[in-house]
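Enquirer: Protein chains in written order, with my numbering: chain A, 1 to 251; chain B, 1001 to 1240. A virtual CB, placed ideally from N, CA and C, is assigned to each residue, including glycine. The structure is given below, and queries will be raised subsequently.
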Amino acid sequence: MTERRAEVVWGRLAEHAAAAGRRVSVADVCAVAVQSAQLTGAWVTAARDGGPDFVLCVTDPVSERLAELQLMLGEGPCYDVLASVAPVLAADLDNEEASRRWPGFTSQARQLGAAAIFAFPLTIGAIRAGVLGMFRSSPGPLPTGWLGDGLVLADAATVLLLDGLHDGADGADGTGEPVLNGQSPDLVLHRAEIDQATGMLTVQLDIPAGAAFARLRAYAYAHDRRLADVARDIVARRLRLHKEPERDGAP
Amino acid sequence: MDAELLSDTFVDLADTMVADFDVIDFLHMLTDRSVRLLSVSAAGVMLADPRGELRVAAASSEAAGLVELFQLQNDQGPCLDCYRTGHPITAPDLAGASQRWPRFAAAAIQAGFGTVHALPMRLRDQVIGALNLFGTGTVLLEPADLRIGQALADVATIGLLQERNVRRVATLAEQLQAALNSRVAIEQAKGKLAERLNVDMDQAFTLLRDYARSSNQRLTDVARQFVAGTTADFPPPPPG
């Protein structure tokens, strides 16, 4: 029922990366977002302790300045998005609401040439990995029906961000291989077991939830298994992971 | 049907729809009451994700086989048909439904169910999800019970829309997205608690929910904080 939309989006990401001759990365998410929603620029800011921390990638200099401006001011859509875990869709920075919400940010953003700003949280439940920010130099909402695509792009960015942050730290193979391509079908359909297994791993491995999720994916990739199947085994206590990956296996 | 239980149910649900209530907690209560009121074996609320996927928002039991039955319906099944058509879908005898929904019928029968109903959650012209009811045996719900079932589905829709917290959520899509995000955090918290205390997922959910209520916090907030490791007094230390 739903695989088509996510597969189409991931197909675009893979195409974009292939054309640039490299692995899929958050840079592709930003580029595809700009192209598919007819925007001017996009950026990804990584989070730490639930708040925006550093800019990971940008499509252009204005996006970079918009992203950095928010970090400098401690104010802006990126902060709201992480606090509420909900998208911010400010279609017109000229209106009163924008100035009220972000008094410092709004006027400077407009001076930089931004007329509309959209931000999506990069989160999986309680895991707050960062923010996908986008802007357009003319006002107006996102294209009708694009929200679903935007959420799929945000999912992809979240996974890429987490894999990148925990690259090799606890992973089974530590080479930071392009896990996204191999695992994308697994992310199309949500599974409660994946979330439960993530929670269980925070205890089994004594690591934060973001790292636990990355470790779960790394295990599935290294053993060439579907993420949902690995998660099911962990929840059913047929499989247990350890700080030392060589000890992973039946409990 | 127990008239007192019926009125208690609607009073309780209405009482819950006050400012700052937790939509997942609310939907869970609704599935629980649905089971009791309608004398079915299991109930679940499925919501349409803005990405286009049907996802479990709440279920009367955390039994893995049941959750899988809901999750299967992304591909085929009464909930999917209900979501697409906006009409109630019923199967009085799952054994005879294997042409209609081969994988779903087989899984449901294996789980011990004989009948299924899916009642649409509608907002004006839009179907946002379905209330899914499973029964053992092969007797469908009576018309009067079906009307109550649909009323419960409508209450679920109202509850979903009623939830307002600090964010300026404008659209229905954002509201659905928020509810489903909450669910994910709760699942993560269940896993962490189940592992920490060596209990099953049902017990973990109950512990989280009871702590949220007794400490007057939203279930979702407790779940997020617990997963992030910032709850000071939860879980409580074992007695003795």
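Please check if any C-beta of chain D sits within less than 8 Å of the C-beta of GLY1135/B.
Expert: Structure shown: chain D not included; protein chains present are A and B.
Enquirer: Using a Cβ cut-off of 8 Å (strictly closer), state whether THR123/A contacts chain B.
Expert: Here residue 123/A refers to the residue found at position 123 of the first sequence. With 8 Å as the cut-off, THR123/A counts as an interface residue toward chain B.
Enquirer: Tell me where the alpha helix (DSSP H) around ASP80/A begins and ends.
Expert: For the purposes of this step, residue 80/A is identified with residue 80 of the first sequence, where counting begins at 1. From DSSP, the alpha helix (DSSP H) with ASP80/A extends over 77–84.
Enquirer: If you follow the alpha helix (DSSP H) that GLY148/A is in, where does it begin and where does it stop?
Expert: Along the first sequence, read from residue 1 onward, the residue named residue 148/A stands at position 148. Taken as a continuous stretch (DSSP letters only), the alpha helix (DSSP H) holding GLY148/A covers 147–165.
Enquirer: Which runs of the alpha helix (DSSP H) spanning at least 4 residues fall entirely within the region 1041–1121 of chain B, listed in chain order?
Expert: Listed in chain order, the complete alpha helix (DSSP H) runs (minimum 4 residues) inside the region 1041–1121 of chain B are 1064–1072, 1078–1085 and 1102–1110.
Enquirer: Keeping to the same chain, check which residues put their C-beta closer than 6 Å to that of GLU1068/B; ignore five residues upstream and five downstream.
Expert: For the purposes of this step, residue 1068/B is identified with residue 68 of the second sequence, where counting begins at 1. Here the set comprises nothing.
Enquirer: At which residue ranges does the region 96–128 of chain A contain complete beta strand (DSSP E) runs of 3 or more residues, listed in the order of the chain?
Expert: With a minimum length of 3 residues, the continuous beta strand (DSSP E) runs that stay inside the region 96–128 of chain A are 116–124.
Enquirer: If we count the other Cβ atoms within 10 Å of its Cβ and call it buried at 16 or more, is ALA1179/B buried or exposed?
Expert: Taking the second sequence and counting its residues from 1, one reaches residue 1179/B at position 179. So ALA1179/B counts as buried.
Enquirer: DSSP beta-bridge partners for GLN1175/B?
Expert: What you label residue 1175/B is simply residue 175 of the second sequence in a count that begins at 1. Bridge partners of GLN1175/B: none, in fact.
Enquirer: Work out the CA separation of ALA1014/B and PHE1021/B for me, nearest whole Å.
Expert: Here residue 1021/B refers to the residue found at position 21 when the second sequence is read from its first residue. Here residue 1014/B refers to the residue found at position 14 when the second sequence is read from its first residue. Near 11 Å, if we compare the C-alpha coordinates of ALA1014/B and PHE1021/B.
Enquirer: Please list, in chain order, all residues of the same chain as LEU1140/B whose beta carbon is under 7 Å from its beta carbon, the five residues on each side excluded.
Expert: Against the second sequence, residue 1140/B aligns to sequence position 140. Correct list, in chain order: THR1090, PRO1092 and THR1115.
Enquirer: With DSSP as the reference, label ARG1209/B as helix, strand or coil.
Expert: Residue numbering aside, residue 1209/B sits at position 209 when the second sequence is read from its first letter. Three-state DSSP puts ARG1209/B in a helix.
Enquirer: For ALA212/A, which of helix, strand or coil comes out of DSSP?
Expert: Translated into positions along the first sequence, residue 212/A becomes position 212. Of the three classes helix, strand and coil, the one that applies to ALA212/A here is helix, per DSSP.
Enquirer: One question on the structure: do THR158/A and ALA129/A come within less than 8 Å of each other, judged by their Cβ atoms?
Expert: One-based indexing of the first sequence puts residue 158/A at position 158. One-based indexing of the first sequence puts residue 129/A at position 129. Yes.
Enquirer: Based on the DSSP secondary-structure assignment, which residues constitute the bridge partners of THR45/A?
Expert: Mapped onto the first sequence, residue 45/A falls at position 45. According to DSSP, THR45/A bridges with VAL55/A and VAL131/A.
Enquirer: In the structure shown, what three-state DSSP assignment does LEU205/A receive?
Expert: Working through the first sequence from its first residue, we reach residue 205/A at position 205. Note: LEU205/A maps to coil in three-state DSSP.
Enquirer: Would VAL62/A pass as a contact of GLY76/A if the rule is Cβ separation under 8 Å?
Expert: By 1-based counting over the first sequence, the position of residue 62/A is 62. By 1-based counting over the first sequence, the position of residue 76/A is 76. Going by C-beta atoms, VAL62/A is not nearer than 8 Å to GLY76/A.
Enquirer: Please list the residues of the region 1054–1082 of chain B that have a C-beta atom closer than 8 Å to any C-beta atom in chain A, keeping them in chain order.
Expert: Within the region 1054–1082 of chain B, the residues whose Cβ lies closer than 8 Å to some Cβ of chain A are LEU1054, ARG1055, VAL1056, ALA1064, VAL1067, GLN1071, ASN1074, ASP1075 and LEU1080, listed in chain order.
Enquirer: When you compare only the Cα positions, how much space is there between SER1060/B and ALA109/A?
Expert: Your numbering for residue 1060/B matches position 60 in the second sequence. Your numbering for residue 109/A matches position 109 in the first sequence. Each residue's Cα considered, the two are about 48 Å apart.
Enquirer: According to DSSP, simplified to helix, strand and coil, what is VAL1127/B?
Expert: Mapped onto the second sequence, residue 1127/B falls at position 127. Three-state result, VAL1127/B: strand.
Enquirer: Shorter than 8 Å from the beta carbon of MET200/A to some beta carbon of chain B?
Expert: Position 200 of the first sequence, counted from the start, is the residue given in the question as residue 200/A. Closer than 8 Å: yes.
Enquirer: Between the alpha carbons of VAL24/A and ARG1196/B, how many angstroms are there, rounded?
Expert: Against the first sequence, residue 24/A aligns to sequence position 24. Against the second sequence, residue 1196/B aligns to sequence position 196. Near 36 Å, if we compare the C-alpha coordinates of ARG1196/B and VAL24/A.
Enquirer: Below 8 Å, how does it come out for the region 219–234 of chain A and the region 132–144 of chain A: are there three or more Cβ pairs, yes or no?
Expert: The region 219–234 of chain A is not in contact with the region 132–144 of chain A.
Enquirer: Any beta carbon of chain A sitting closer than 8 Å to that of ARG1167/B?
Expert: Counting from one through the second sequence, the residue named residue 1167/B turns up at place 167. Residue confidence for ARG1167/B is low, a pLDDT of 43 falling below 50, so the modelled location carries little weight and cannot support an answer.
Enquirer: Listed in chain order, which residues of the region 32–60 of chain A have Cβ atoms closer than 8 Å to some Cβ of chain B?
Expert: Within the region 32–60 of chain A, the qualifying residues are GLY50.
Enquirer: So, ILE127/A versus PHE213/A, is the Cβ gap smaller than 8 Å?
Expert: If you number the first sequence from 1, residue 127/A lands on position 127. If you number the first sequence from 1, residue 213/A lands on position 213. In this structure, PHE213/A lies closer than 8 Å to ILE127/A by Cβ.
Enquirer: Is it the case that the region 1138–1154 of chain B contacts the region 1049–1060 of chain B, given that we only count it when at least three CB pairs across the two stretches are under 8 Å?
Expert: The region 1049–1060 of chain B, when compared against the region 1138–1154 of chain B, does not touch it at the 8 Å Cβ threshold.
Enquirer: Between ARG191/A and chain B, is there a C-beta pair that is closer than 8 Å?
Expert: Locating residue 191/A in the first sequence gives position 191, counting from the first residue. Cβ-Cβ to chain B under 8 Å: yes for ARG191/A.
Enquirer: Looking at chain B, is there any beta carbon in it that lies within less than 8 Å of the beta carbon of GLN204/A?
Expert: Here residue 204/A refers to the residue found at position 204 of the first sequence. Yes, its Cβ sits closer than 8 Å to a Cβ of chain B.
Enquirer: Would you identify the three-state DSSP class for GLY50/A, choosing helix, strand or coil?
Expert: Position 50 of the first sequence, counting from 1, holds the residue named residue 50/A. Reduced to three states, the DSSP call for GLY50/A is coil.
Enquirer: Please tell me whether LEU147/A has its Cβ less than 8 Å away from any Cβ of chain B.
Expert: Numbered from its first residue, the first sequence carries residue 147/A at position 147. It does; some Cβ of chain B falls within 8 Å.
Enquirer: Thinking C-alpha only, which one of GLU64/A, VAL152/A and PHE120/A is nearest GLU7/A?
Expert: As a first step, residue 7/A must be located in the first sequence, where it is residue number 7. The shortest C-alpha separation from GLU7/A is found at VAL152/A.
Enquirer: Report the CB separation of VAL1184/B from LEU1131/B in whole angstroms; it is logged as a contact under 8 Å.
Expert: As a position in the second sequence, residue 1184/B is number 184, starting the count at 1. As a position in the second sequence, residue 1131/B is number 131, starting the count at 1. Going by Cβ atoms, the distance from VAL1184/B to LEU1131/B rounds to 21 Å, so no, they are not a contact pair.
Enquirer: Could you compute how far the alpha carbon of ALA1063/B sits from the alpha carbon of ARG232/A?
Expert: Against the second sequence, residue 1063/B aligns to sequence position 63. Against the first sequence, residue 232/A aligns to sequence position 232. So the two alpha carbons sit approximately 13 Å from each other.
Enquirer: Within a Cβ cutoff of 7 Å, which residues of the same chain sit near VAL238/A, ignoring the five residues on either side of it in sequence?
Expert: Position 238 of the first sequence, counted from the start, is the residue given in the question as residue 238/A. Position check: residue 238/A holds Arg in this sequence, whereas Val was assumed. ALA250, listed in sequence order.
Enquirer: What residues in the region 77–91 of chain A have a beta carbon less than 7 Å from any beta carbon of chain B?
Expert: For the region 77–91 of chain A, which is checked against every Cβ of chain B, the residues closer than 7 Å are SER84, VAL85, ALA86 and PRO87.
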